[in-house]
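Q:
Protein chains: 2
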Amino acid sequence: MFNNFTFYNPVKIIFGKNTIAQLPKNIPANARIMLTYGGGSILKNGVYEQVKEALKGYDIVDFGGIEANPYYETLMKGVELAREAKVDFLLAVGGGSVLDGTKFMAAAIPSTEGDEWNNIVCGKAKYKTATPIGAVLTLPATGSEMNYYAVISNKGSGEKFGMGNPLLFPKFSILDPETTFSLPKRQVANGIADAFTHVMEQYMTYALNAEIQDRFAESILKSLIEIAPKTLNEPTDYESRANLMWAATVALNGWIGVGVPQDWATHQIGHELTALHGIDHGRTLAVVLPHLMRYKSDSKKEKMIQYAKRVWDLNGTDEELVEAAIQKTIDFYESIGIPTKASHYDIGMETVNEVKKRFTDRKSSFGENADIDGEAAAAILLSSIA
Amino acid sequence: MFNNFTFYNPVKIIFGKNTIAQLPKNIPANARIMLTYGGGSILKNGVYEQVKEALKGYDIVDFGGIEANPYYETLMKGVELAREAKVDFLLAVGGGSVLDGTKFMAAAIPSTEGDEWNNIVCGKAKYKTATPIGAVLTLPATGSEMNYYAVISNKGSGEKFGMGNPLLFPKFSILDPETTFSLPKRQVANGIADAFTHVMEQYMTYALNAEIQDRFAESILKSLIEIAPKTLNEPTDYESRANLMWAATVALNGWIGVGVPQDWATHQIGHELTALHGIDHGRTLAVVLPHLMRYKSDSKKEKMIQYAKRVWDLNGTDEELVEAAIQKTIDFYESIGIPTKASHYDIGMETVNEVKKRFTDRKSSFGENADIDGEAAAAILLSSIA
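Chains D and H are the protein sequences, given in the same order.
Take 1 as the starting number for the first sequence in this note's numbering and just add one per residue.
Take 1 as the starting number for the second sequence in this note's numbering and just add one per residue.
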């Protein structure tokens with residue numbers, strides 16, 4: 001039985017070729033804009049120039065240098081700059097890290113209570129206002145362009161946490177697949193792994209007979225499986241890049257998650273691996289998910305069989321299909337160049353013990369049945385090392 | 001190649017059991033509400049009472065009697081009543097006709113230019129404001145609860161036209177599957193036919209390799225095919241009614257239509273059959289679509305083959321699959337009790353000629369290739385009579 005739900009997503013998506021030119025139609029004429037971006041790839045691939053050209057006549061302050069898995073410490077510099085310059089619109093140009101970092105800044109800029117890490121990221125205070133955000137997405141991966149979530153890291157404490165608030169929905173997001181042509185193959189593969197895993201977090205749970213949600217999730221998985229080899233090998237093929245970009249957005253904009261149980265333990269464990277080892281986010285997911293599936297193959301059994309049949313077109317006994325579900329997931333990550341063994345990333349017992357301790361200290365309980373604690377996370381990581 | 005698109009849909013969906021109680025959280029406390037409804041089924045099934053109970057303390061004016069395929073003439077009475085009572089919120093309680101009629105009223109109430117048929121329905125004037133709308137949906141069918149379209153009929157002229165404006169998005173729609181338990185079987189079947197055809201209008205066109213959009217469309221079709229017999233035979237089975245209700249909403253909320261060609265000729269021809277013969281909207285679609293598919297089987301060939309394979313799990317030669325696509329569509333409508341032959345509804349040559357004349361006089365050209373004119377519509381209807 002499908003659960004009660006509320007769905008609301010007011011993000012305007014502007015998708016396609018040459019859509020950056022539509023920026024002025026979507027930002028108030030008198031806005032004082034802070035343009036936020038990352039390590040500078042947009043300076044090399046022409047996107048920065050396109051944005052500046054479209055925004056001629058606006059007051060713009062630049063804030064570059066937002067890193068992957070953006071640090072609170074970095075972002076607070078942007079917050080101070082924005083407060084000084086009396087910025088009233090944030091335009092994020094980049095991938096999920098730039099968008100996530102900008103969402104944090106949007107909440108922090110108008111805040112007057114101080115201690116933004118505890119109040120905003122850890123949710124100790126309720127905020128009732130945020131600076132409006134728009135986005136130009138240049139990396140299909142996180143879905144941040146059409147939701148109100150962000151993941152922020154703390155250099156000082158070595159922590160990485162998710163945050164979210166409907167105030168942080170972008171007003172609009174521009175998705176031009178051509179801006180992704182120059183991405184390194186590794187980043188595209190990481191993005192595919194991220195999108196794939198977002199779907200699995202909302203799908204690979206206990207069964208519920210939510211027909212539309214299940215089939216939509218399977219649609220995205222099948223599309224990613226079909227698109228992945230094409231778009232990795234032909235980065236300038238518009239069609240497959242457009243399909244990938246849209247697939248990654250709908251993987252985490254709420255459409256497939258309404259009324260169904262969600263897991264997210266893979267992300268929680270993965271965040272710790274990034275925090276401790278600096279491993280790319282998409283790669284940490286590949287290290288965890290197949291081993292989580294094996295560990296929870298009793299409670300996820302029905303869905304694993306459905307996935308093997310509908311997504312991978314397999315037949316067999318229940319036991320064979322459960323095993324195939326795990327193996328096909330491993331094969332998929334490996335096929336896009338992402339190793340699925342923790343040992344490949346030099347993750348050893350020290351990390352297993354540290355993750356166990358952190359989850360235990362925080363009294364964490366993740367997963368659709370809230371039964372993934374420090375003990376369970378350690379068992380999953382051990383299976384990934386073995 | 002997948003086309004550029006803009007997507008925006010800010011409707012808040014509140015889905016599930018006992019959700020009517022959430023009305024006061026979603027309507028401003030000092031609103032002067034006009035409650036709009038249809039022929040009175042909500043008075044018999046308890047929905048009217050639930051709504052009134054939830055809205056205790058609000059100022060409410062009732063406007064009942066909105067008919068199926070709502071007439072402009074009826075709706076203008078509601079517009080006058082709302083203007084007199086200084087109504088500032090419209091709450092539509094019913095199916096697609098009540099919602100569509102309420103959307104027209106929302107645009108007409110603040111209008112000061114007169115001639116609301118030409119200005120608002122036929123789009124001769126641009127309106128910049130509309131009275132806000134909320135909805136309690138009691139019939140899964142039209143998708144009107146999550147889009148800004150409406151179809152309005154004119155008793156005087158015998159016309160039936162579509163209209164739309166982003167100002168007419170409902171602020172919220174409440175979907176409680178239990179409110180649909182008491183629907184007559186015929187109405188549920190009509191609703192299934194309507195939702196099925198909405199998907200086909202956005203899917204059965206020329207092929208484009210829009211992976212997500214195609215697979216989402218196929219997901220809804222497969223779900224409707226699976227749900228239909230269950231929900232027709234067991235009207236109080238919550239699970240299948242919930243699945244049907246959500247399927248009908250996502251069939252026409254924009255999710256499957258972004259960036260892809262759309263047909264809508266079946267609806268255009270069907271509207272004329274309702275206007276001329278008073279045939280239920282859902283039934284007119286069944287009379288047209290299979291014959292349109294046959295008539296356009298050259299330009300739709302690739303998609304018909306994909307549909308036969310992916311939705312109906314068939315194999316065969318291209319010719320066999322094209323034929324099977326038509327036959328399976330006929331079988332589906334017939335399986336839910338809806339005849340697909342125009343002759344069954346006493347549609348004869350007089351109607352064929354009148355439809356041909358109307359489309360020719362209006363210089364109409366429908367379909368994804370804008371090549372369905374009066375001549376083509378006549379040929380399609382003739383094949384349906386044969």
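All residues carry an ideal CB built from backbone N, CA and C; glycine is no exception.
Taking C-beta pairs closer than 8 angstroms, name the residues in chain H that M200(D) reaches, listed in chain order.
A: The residue you call residue 200(D) lines up with position 200 of the first sequence. Ordered by position in chain H, no residue passes the 8 angstroms Cβ test against M200(D), which lies about 16 angstroms from the chain.
Q: Between A228(H) and chain D, is the shortest Cβ-Cβ distance under 9 angstroms, so that the two count as touching?
A: As a first step, residue 228(H) must be located in the second sequence, where it is residue number 228. Output row for A228(H): interface = no.
Q: Can you tell me which residues form a DSSP beta bridge with V93(H)?
A: Here residue 93(H) is taken as the residue at index 93 of the second sequence, counted from 1. Note: V93(H) sits in a beta bridge opposite V136(H).
Q: Could you check if S157(H) is buried or exposed, using at least 16 other CB atoms within 10 Å of its CB as the buried criterion?
A: Residue numbering aside, residue 157(H) sits at position 157 when the second sequence is read from its first letter. S157(H) comes out exposed.
Q: Assuming M163(D) and G123(D) form a contact by the criterion Cβ under 8 angstroms, report the distance between their Cβ atoms to the nearest whole angstrom.
A: In the first sequence, residue 163(D) corresponds to position 163, counting from 1. In the first sequence, residue 123(D) corresponds to position 123, counting from 1. With a Cβ gap of about 7 angstroms, M163(D) and G123(D) count as contacting.
Q: Need the endpoints of the beta strand (DSSP E) that N164(D) sits in, please.
A: Indexing the first sequence from 1 puts residue 164(D) at position 164. Rather than Asn, the amino acid found at residue 164(D) in this sequence is Gly. Its beta strand (DSSP E) spans residues 159 to 164.
Q: From the beta carbon of K389(H), is the nearest beta carbon of chain D less than 9 angstroms away?
A: Not covered by the structure: residue 389(H). The range shown for chain H is 1 to 386.
Q: Per DSSP, what kind of secondary structure is R362(H) in: helix, strand or coil?
A: Within the second sequence, residue 362(H) is the residue found at index 362, counting from 1. It is coil, neither helix nor strand.
Q: Between the region 237 to 251 of chain D and chain H, which residues of the former have a C-beta closer than 8 angstroms to a C-beta of the latter?
A: Of all residues in the region 237 to 251 of chain D, Y238, E239, A242, N243, W246, A247, V250 have a Cβ within less than 8 angstroms of some Cβ in chain H.
Q: Since A378(D) sits in a beta bridge, which residues does DSSP pair it with?
A: Counting from one through the first sequence, the residue named residue 378(D) turns up at place 378. None; A378(D) has no bridge partner.
Q: By the three-class DSSP mapping on this structure, what secondary structure does M1(H) have?
A: Position 1 of the second sequence, counted from the start, is the residue given in the question as residue 1(H). Three-state result, M1(H): coil.
Q: Compare the Cα-Cα distances from F181(H) to each of D237(H), V136(H), H344(H) and report the closest residue.
A: Here residue 181(H) is taken as the residue at index 181 of the second sequence, counted from 1. The option with the nearest alpha carbon to F181(H) is D237(H).
Q: Quick one, which of D59(H), G57(H), S384(H), V199(H) has its alpha-carbon nearest P339(H)'s?
A: By one-based count along the second sequence, residue 339(H) stands at place 339. The candidate whose alpha carbon is nearest that of P339(H) is S384(H).
Q: Scan the region 214 to 228 of chain H for residues whose Cβ lies nearer than 8 angstroms to a Cβ of chain D and list them as they occur along the chain.
A: The residues in question are R215, F216, E218, S219, I220, K222, S223, E226, I227.
Q: Listed in chain order, which residues of the region 14 to 45 of chain H have Cβ atoms closer than 9 angstroms to some Cβ of chain D?
A: The residues in question are I14, F15, G16, K17, N18, T19, Q22.
Q: If you run the structure through DSSP and keep just helix, strand and coil, what is M204(H)?
A: Along the second sequence, read from residue 1 onward, the residue named residue 204(H) stands at position 204. M204(H): coil per DSSP, three-state reduction.
Q: Would you kindly report the start and end of the unbroken beta strand (DSSP E) that includes F15(H)?
A: Translated into the one-based positions of the second sequence, residue 15(H) becomes position 15. 12 to 15 is the span of the beta strand (DSSP E), which, as asked, contains F15(H).
Q: Find out if the Cβ-Cβ distance for the pair R83(H), I66(H) is shorter than 9 angstroms.
A: Working through the second sequence from its first residue, we reach residue 83(H) at position 83. Working through the second sequence from its first residue, we reach residue 66(H) at position 66. Going by C-beta atoms, R83(H) is not nearer than 9 angstroms to I66(H).
Q: Can you look up N26(D) in the DSSP assignment and give me helix, strand or coil?
A: Along the first sequence, one-based indexing puts residue 26(D) at 26. Note: N26(D) maps to helix in three-state DSSP.
Q: Please confirm whether G259(H) has its beta-carbon closer than 9 angstroms to some beta-carbon of chain D.
A: As a first step, residue 259(H) must be located in the second sequence, where it is residue number 259. True, the Cβ-Cβ gap to chain D drops below 9 angstroms.
Q: Can you tell me where the beta strand (DSSP E) with M146(D) in it begins and where it stops?
A: Sequence index remark: in the first sequence, residue 146(D) carries index 146 (1-based). Premise fails: M146(D) is in no beta strand (DSSP E) and is neither H nor E.
Q: I'd like the list of long-range same chain contacts for I380(H), defined as Cβ closer than 7 angstroms, with 5 residues on each side in sequence excluded.
A: Residue 380(H) sits at position 380 when you count from the first residue of the second sequence. Once the five neighbours on either side are set aside, the close Cβ partners of I380(H) are I269, V288, H291, L292, Y295.
Q: Going by beta-carbon coordinates alone, are G348(H) and N253(H) separated by less than 9 angstroms?
A: If you number the second sequence from 1, residue 348(H) lands on position 348. If you number the second sequence from 1, residue 253(H) lands on position 253. Going by C-beta atoms, G348(H) is not nearer than 9 angstroms to N253(H).
Q: Mind pulling the chain H residues with CB within less than 8 angstroms of T6(D)?
A: Residue 6(D) sits at position 6 when you count from the first residue of the first sequence. Here the neighbours are K12, I13, I14, F15.
Q: What is the DSSP secondary structure of D331(D), reduced to helix, strand or coil?
A: Start at 1 with the first residue of the first sequence, and residue 331(D) comes out as number 331. Reduced to three states, the DSSP call for D331(D) is helix.
Q: Counting only the same chain and skipping the five closest in sequence on each side, list residues whose C-beta sits under 6 angstroms from that of K155(H).
A: Translated into positions along the second sequence, residue 155(H) becomes position 155. Once the five neighbours on either side are set aside, the close Cβ partners of K155(H) are Y71, E73.
Q: Over what stretch of residues does the beta strand (DSSP E) that includes T36(H) continue unbroken?
A: Within the second sequence, the letter at position 36 stands for residue 36(H). That run of the beta strand (DSSP E) goes 32 to 36.
Q: Thinking A106(H) and T131(H) are a contact (beta carbons under 8 angstroms), I'd like their distance in whole angstroms, please.
A: Here residue 106(H) refers to the residue found at position 106 of the second sequence. Here residue 131(H) refers to the residue found at position 131 of the second sequence. The pair is a contact, with the Cβ atoms about 5 angstroms apart (cut-off 8 angstroms).
Q: Could you list which residues in chain D have their beta carbon closer than 7 angstroms to that of M1(H), in chain order?
A: In the second sequence, counting from the first residue as 1, residue 1(H) sits at position 1. Going along chain D in sequence order, the residues near M1(H) (Cβ under 7 angstroms) are Y238, E239.
Q: Please report the distance separating the alpha-carbon of N18(H) from that of Q50(H).
A: Taking the second sequence and counting its residues from 1, the one referred to as residue 18(H) is at position 18. Taking the second sequence and counting its residues from 1, the one referred to as residue 50(H) is at position 50. Going by the C-alpha atoms only, they are around 9 angstroms apart.
Q: Thinking just about the alpha-carbon of each residue, which of F7(H), S41(H), I33(H) is nearest to the one in V87(H)?
A: Taking the first residue of the second sequence as position 1, residue 87(H) is located at position 87. If we check each option's Cα against that of V87(H), I33(H) comes out closest.
Q: Tell me whether T180(D) sits in a helix, a strand or coil according to DSSP, three-state version.
A: Numbered from 1 along the first sequence, position 180 holds the residue referred to as residue 180(D). Correct three-state label for T180(D): helix.
Q: May I have the straight-line CA-CA distance separating G64(D) from D115(D), to the nearest angstrom?
A: Position 64 of the first sequence, counting from 1, holds the residue named residue 64(D). Position 115 of the first sequence, counting from 1, holds the residue named residue 115(D). When rounded, the distance between both Cα atoms is 23 angstroms.
Q: According to DSSP, what are the bridge partners of L175(H)?
A: Locating residue 175(H) in the second sequence gives position 175, where the first residue counts as 1. In DSSP, L175(H) forms a bridge with F15(H), L137(H).
Q: Is the CB of I212(D) under 9 angstroms away from at least one CB in chain C?
A: You won't find chain C in this structure, because its protein chains are D and H.
Q: Here's a check: name, in chain order, each residue in its chain whose Cβ is nearer than 7 angstroms to the Cβ of S194(H), leaving out the five neighbours to either side.
A: Locating residue 194(H) in the second sequence gives position 194, where the first residue counts as 1. Note that residue 194(H) is Asp in the sequence shown, not Ser. Excluding positions up to five away in sequence, the list reads A141, T142, H281, G282, L285.
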